[in-house]
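What follows is a short report on a single structure.
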Amino acid sequence: MPSPSPVLIAEANHHLTALGQRIHAHRKAMKVSAQAIAQAANISRVTLLRIERGVPSVTMGAYMNALEALGLSIDLNTRALPPTSTPAPLPERIQTDEFANGPRPAQTMRRSTAGRAAQPIAVR
Numbered sequence: 001m002p003s004p005s006p007v008l009i010a011e012a013n014h015h016l017t018a019l020g021q022r023i024h025a026h027r028k029a030m031k032v033s034a035q036a037i038a039q040a041a042n043i044s045r046v047t048l049l050r051i052e053r054g055v056p057s058v059t060m061g062a063y064m065n066a067l068e069a070l071g072l073s074i075d076l077n078t079r080a081l082p083p084t085s086t087p088a089p090l091p092e093r094i095q096t097d098e099f100a101n102g103p104r105p106a107q108t109m110r111r112s113t114a115g116r117a118a119q120p121i122a123v124r
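Using the UniProt record's numbering, read the sequence shown as starting at 1 and increasing by one per residue.
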């Protein structure tokens, strides 16, 4: 059962909801399932869906794992920009075949950021 949500200041709640919406929009633009991103982020699909709703009781680590799996980052020093119309290419750690061949072997789950730049998400 999830932890109870902390009481947030209205502005903080707005930013968390906006971050979740941006994560959701980016995943949809990439045309990748929640299950594929969740597995790449080492979180459950339910946790990813809670992140996409901006639920404040989800750990910051889970948010960061989801961002990393999507090839995104957070820039706290920049104002939020509208989402780009062209999504970035899929990070290679995301399987798009809906896991038809079963789970990935552990050695292929290593994080590889070589040759891949993270896209910043600004938080106002």
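We put the CB at the ideal spot given by N, CA and C, even for glycine. Source: prediction; values computed, not measured.
Annotated three-state conformation of Gly54 is coil, per DSSP.
Between Val55 and Ile94 a beta carbon distance of about 23 Å is seen, past the 8 Å cut, so the two are scored as non-contacting.
The C-beta of Ile23 has 16 or more other C-beta atoms within 10 Å across all chains shown, which makes the residue buried. Inter-residue distance for Ala66 and Ile9 is about 24 Å (C-alpha atoms, whole angstroms). In chain order, Gly20, Ile23, His24 place their CB closer than 7 Å to the CB of Glu52, counting only its own chain and leaving out the 5 sequence neighbours on each side.
Out of His14, Gly61, Glu92, the CA that lies nearest to the CA of Gly71 is found in Glu92. Take Ala69, set aside five residues on each side of it, and the residues of its chain with a beta-carbon closer than 6 Å to its own are Ile37, Ala40, Ala41, in chain order. Taken through DSSP and simplified to helix, strand or coil, Ile23 comes out as helix. Straight-line measurement puts the Cα of His26 at about 19 Å from the Cα of Met60. Spatial neighbours of Ala62 in its own chain (CB-CB distance under 6 Å, excluding positions within 5 residues in sequence) are listed in chain order as Ile43, Thr47. Per DSSP, reduced to three states, the secondary structure at Asn13 is helical. In the structure shown, Leu8 falls within a coil segment according to DSSP collapsed to helix, strand and coil.
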